[in-house]
Amino acid sequence: MTRFAVGHSREVAARHYADLPSLRPLHEKAVADAFREAVATATPTVLPPTAEQALREAPDQAAPLMPPDTVGPLLDGEQDVWLAACAGFHSSPFADAGSPCAQPFWGCLDCPNAVITVRKLPAILAFLAFVEEQRLSLPPTDWTAKFGRVHARITAQVLPAFADAVIADGRRQMESERLYLPPEARA
């Protein structure tokens with residue numbers, strides 16, 4: 001922009017040299033690409049059973065999410081939080097480095113440190129049932145503000161990664177276990 005602004009203000013240069021109808025598709029694509037990239041970096045890693053097994057067999061493929069020596073403990077449940085396994089509880093993108101993550105438990109669904117495996121499906125399905133129950137008691141705008149994004153994440157991104165039989169098994173497990181719902185869900 002500096003090159004175009006010689007003899008003009010930046011605003012005049014932008015209007016005359018950058019805001020050209022022929023460049024509009026390029027500008028719109030750049031903005032759309034930036035939004036897609038931002039969303040992609042703010043999503044959890046969802047590992048269906050085949051991907052989980054592949055990662056167990058070749059833990060070096062986990063980079064840059066986590067060091068290979070942490071793959072086993074993570075997949076074995078040693079780093080579980082309520083809805084996911086956490087590849088970086090003390091390196092959260094939502095808190096200062098070295099401090100614990102301060103997000104509510106469903107914040108994992110917007111976190112690149114989250115790793116969702118078949119083991120977490122019963123908890124996710126229980127939370128989804130809770131979210132859908134809340135739709136009946138909250139005004140639509142309140143429900144959308146509190147749960148709309150997490151509902152979409154579960155139904156459009158997490159569940160489709162798993163086979164129907166795996167989800168059905170997760171539902172049976174959820175119904176037989178009486179899963180605890182953290183108190184911040186009701187806040």
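Numbering (the UniProt record's numbering) for the sequence shown: 1 to 187.
Ideal placement from N, C-alpha and C gives every residue a C-beta, glycine not left out.
Taken in chain order, the complete alpha helix (DSSP H) segments of 4 residues or longer contained in the region 11 to 79 are 24 to 41, 49 to 57, 71 to 75. In the DSSP assignment, Cys101 is bridged to no other residue. Here Val115 carries a strand assignment [DSSP, helix/strand/coil].
DSSP places Ala126 in the helix class (H, G or I) of the three-state scheme.
Cys108 and Asp19 have their C-alpha atoms spaced approximately 40 Å apart. In the three-state scheme derived from DSSP, where H, G and I count as helix and E and B as strand, Ala95 is classed as coil. When the Cα atoms are used, Pro64 and Ala114 turn out to be separated by approximately 13 Å. Ala165: member of the alpha helix (DSSP H) spanning 164 to 177, first to last residue. Of the candidates Leu121, Gln173, Ala58, Leu121 places its Cα closest to the Cα of Thr155. For the pair Glu52 and Val118, the CB atoms are nearer than the 9 Å cut-off. Here Ala85 carries a strand assignment [DSSP, helix/strand/coil]. In this structure, Gln79 and Phe94 do not form a Cβ contact; the two beta carbons are roughly 17 Å apart against a cut-off of 8 Å.
Three or more Cβ pairs closer than 8 Å define a contact, and the region 131 to 145 falls short of that threshold against the region 24 to 35. In the structure shown, the three-state DSSP call for Pro139 is coil. By the neighbour-count criterion, in which a residue is buried when 16 or more other Cβ atoms sit within 10 angstroms of its Cβ, Gly170 is buried. At a Cβ-Cβ threshold of 9 Å, Leu74 and Ala58 do not count as neighbours. Put simply, of Leu138, Phe130, Gln61 the residue whose alpha carbon is nearest the alpha carbon of Arg178 is Phe130. Taking 9 Å as the cut-off, the beta carbon of Leu55 is found no closer than this to the beta carbon of Val31.
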